[in-house]
Structure formats: structure tokens, C-alpha cells
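For the sequence shown, counting from 1, position 255 maps to 254 in numbering that gives the first Met the number 0; every step adds exactly one. We treat Cβ as the ideally placed atom computed from N, Cα and C, and that holds for glycine. What you are looking at is a predicted structure, and each value in this text was computed from that prediction instead of being measured. Notes follow once the structure below has been shown.
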Amino acid sequence: MTTIRPLLKSKRANVLLVALTAVILCFQNCALKGMQATVASNGDLSNEPANYKPTNLTKAVMSAAKTFVNRLPTSAELEQAATGADGYQQVVASYLGNAQFRAAMFREHQNYLKLGGAQPPGAPTPVDYDQAARLGTHIVMTDQDYGNVLKAVFCVDANYQVQPFCDTFTSIAAANANAAGVLTTRAFISTHKDKKAFNFRLVNESFSKFNCAAYPDSGDANPMLHAQISSTVHPWGSTSQNCYGCHRTLNPKATTYYYYTRDGRFTANATGTTRTDANNPSTIGDLVLAAPRVNGMPVNNVRDLGRLLADDQRFDFCMTKRYVNFMLGKEYDAELPDGLTYLATSFRESGRNVRRLLLSIATSAAYVNRGELFQMQAEPAVDNGEAE
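Take a look at the structure:
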């Protein structure tokens, strides 16, 4: 009877098995590297632990803790972050829901909006200059679409209790017809009403803060008809080309704020509600246009302006740039790094959820590895002996 020896005892079979195993491992490693590269391009840290050193993760969590909760991480948090990407992400996510994080978001809104100043003369009640920052913070903490920062009718009091409407208005009906979130808070209006060309400044701030756009907006083509321009220049008795050109570009947007007083209150009658720097009544009666247009869209009031700005794709990019710079400790107007531009798209797709955006930034390669990148940029050039 012939005995059949096991295949593994065959020398030739062993060689074949080793070769086959090597091929399989090669394919597995190549597939893993390909998946990591794809994940890295999408900025998802949780699936690419091999690309992040424990030292980078602990440094990153120290930075995130300081930014989000104004403290250093505990030893347990440091240990968990150092275990890998999943542990790091869990620690960072735990920061995004407590009172310290809310305080950090409130400060961030204060710094970004830069609202405040002396109380307007003759105001029946003081202006709450923290009103706009609380509204934005509440929208972040409740995971609302951040576009509501330019659309909300409600307000938030000092205890973060929601009020049906802001004290800019005297009725819910007026608020429903005119409110535009931060843009119609008394804090936002009063801060800029006390300055020269205040109505223009208000709209300028609206565009620059929430669309990162220049003012007048380059997208406005022929915003006023010739007859409308002439009528707006006429009250000053001027035929100056400078006046003509200025009112041609500015008035369509500025008229939306002619219905608010210096202390930030809405009034249905625009005549006499604004004043010059010398506190004289401004000749606004001839400046108010019927249905001005911005980017070809009718803008009858600040409510329309807020919705136009919030629905613009520049809003997504602008808010992404704002929070990336906030996380990286840069000036707000710093350019968004090329490797993070995808976040603007994911921000919109997430329903413009700011907490999710902040977590995406904190778990991106640009954030976790930035210490190494900074070190590489800071290293002195090698002297090759050619310098004199």
C-alpha cells in the first residue's frame, strides 16, 4: 500500500506555501495602505492610526483641551489619547458638550463679532452687547444649522433661556417679518450705528463676517437704475461723480438698515430714524428704495439679506475658515489651508453642524501633526558652504 505523505512535509510544497503567504501579505499590506491614503485624504483620523504618533496625539489633545474647555487634559485623558486615533477622538468629543465648552464658544463669538461700546444716548433700556454671542453659542450647543445665526427669530437671555424674539422688536409679528438672527440684535446694530456711514458699515460687517466677501459685493451688477441714483444724490444738491458712484453701489444694501434706530430698535417708519455723526437727522427719506436687489435677488429688509447670506455657499467656506483659524490659533482672516478646503463641503452636508466641524478639524492631519510641520518649517537651512 502506498503511503501519501502530508503536503506540508514536501519540500517543494513548503516553498510554494511560503511564496503564497508572502503574496497574500503583500496584497493585504497594499490594500491597507491604499485605504489609509484614501481615509487620510478625507481627514478621518479614526481609521488611520498608523499615521499618528502617540506624542502627536498627546500634544494635540493638550491643545484641544485648552481651546475647548480652558484646561489641561487629565492624566487619564492623556493616556487614552496616546492609545491611538480612536482614543484621541473619544477624548476630544467628550469636551464638546459641557459648560466649559459653552463658555469657550461664547468667548469665540465675542472675539469674532467684536460687539460692544458705550450705551447709545437716550436709549430707554441698555443694550445687551452679549446678546448676539449668546444666540450664536446656543445655536452651536443645540446642533442647529448654523445658518440660523442669520435667520433666527428667537433670542437667548443671560441664562441661555430661549425668548420668542429679541428686544429689537415689540411683537412676534414684527420679528417674524424682519428678524435675521445676529444681524438684527441690538448688540450688532448699536455697535455700528454710532459710527460714520453706519448703515453701510452694518451691511459691510454682514458680508465680511458671514460671507468673507468684499463690500460692495462684486456680484452686484447695476444694482440701481439711473433714476434711482439721481434721486438719492439729489438731497445733498450734489452732482459729484464720487457721490453718484458711492450711492450707486452702497444704497441697495444700506437701505435695509434704515428701519432701525441708533439703539437698535426696529421701527416701521424709516424717516428720521438715523442720524449723522453730529446727531442731526439724516435725509434718509429719499434714500429708501423699493425692493433693492443684491446679486440679482430682491432684498426688502434685513431678514431677506440674512437669508441670502446664509444660503450662499460662501457662508460655508467662510465659517469653515473661521473655525479652522480658531482651532489653529491664527487670525480669522488667514487663508484656509488647501488640505482642509474639503471641510466646507462636509460642513454643509452635515447640516452645518459646528460641533461636528470642530471635531473634524481636531481629528484632521493638519491639526494633529501640525507640531511636526511647524518644526520642519522652523528648522534652519543647511549651510552648503556657498554663502559668503
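Beta carbon of residue i nearer than 9 Å to that of residue j
i: C165; j: R185; result: yes
i: D332; j: T255; result: no
i: K150; j: G180; result: yes
i: M296; j: L307; result: yes
i: T183; j: N177; result: yes
i: V353; j: L339; result: no
i: D310; j: G83; result: no
i: A63; j: V90; result: yes
i: G305; j: S207; result: no
Whole-number beta carbon distance between residue j and residue i, since they are thought to touch under 8 Å
i: T57; j: A92; result: The Cβ separation is near 17 Å, so there is no contact.
i: T66; j: A103; result: 7 Å
Status (buried if at least 16 other CB within 10 Å, exposed otherwise) for residue i
i: V161; result: exposed
i: T169; result: exposed
i: S189; result: buried
i: I171; result: exposed
i: D127; result: buried
i: R203; result: For the record, residue 203 in the displayed sequence is Asn; it is not Arg. Per the 10 Å Cβ criterion, buried.
i: D315; result: buried
i: E107; result: buried
i: A213; result: exposed
i: M223; result: Model confidence at M223 stands at a pLDDT of 48, short of 50, so the residue's coordinates are unreliable and nothing is read from them.
i: Q88; result: buried
i: G328; result: exposed
C-alpha gap between residue i and residue j, whole angstroms
i: P72; j: V60; result: 7 Å
i: F153; j: R261; result: 21 Å
i: N268; j: Y259; result: 9 Å
i: A226; j: M326; result: Low confidence applies to A226: its pLDDT is 47, below 50, so where it sits in the model is not reliable, and the reading given next is rough at best. Cα-Cα distance, rounded: 49 Å.
i: A75; j: R101; result: 23 Å
i: V367; j: Y51; result: 8 Å
i: L95; j: L356; result: 11 Å
i: H233; j: N198; result: Low per-residue confidence applies at H233: pLDDT is 45, beneath 50, and the placement is therefore not dependable enough to give any value.
i: Q109; j: T136; result: 10 Å
i: R133; j: R369; result: 31 Å
i: E330; j: R321; result: 9 Å
i: G350; j: R313; result: 15 Å
i: T124; j: D156; result: 15 Å
i: N97; j: D142; result: 14 Å
i: E334; j: V148; result: 23 Å
Closest Cα partner of residue i within the set the options
i: F209; options: G263, D142 and L112; result: L112
i: R347; options: D144, V90 and F67; result: D144
i: Y257; options: H191, F314 and A122; result: H191
i: F105; options: V139, K65 and P125; result: V139
i: Q99; options: S345, N69, G305 and F187; result: N69
i: D420; options: S349, S363 and G350; result: Residue numbering for the chain in the displayed model covers 0 to 387; residue 420 lies beyond these limits and cannot be assessed.
i: N158; options: D129, A103, V301 and D142; result: D129
i: T266; options: E78, L77, S359 and T167; result: T167
i: A173; options: N300, Y341, I360 and L342; result: N300
i: R264; options: S359, P119, T344 and A361; result: P119
CB contact check: residue i to chain B, cutoff 9 Å
i: L182; result: Included in the structure is just one protein chain, with no chain B present.
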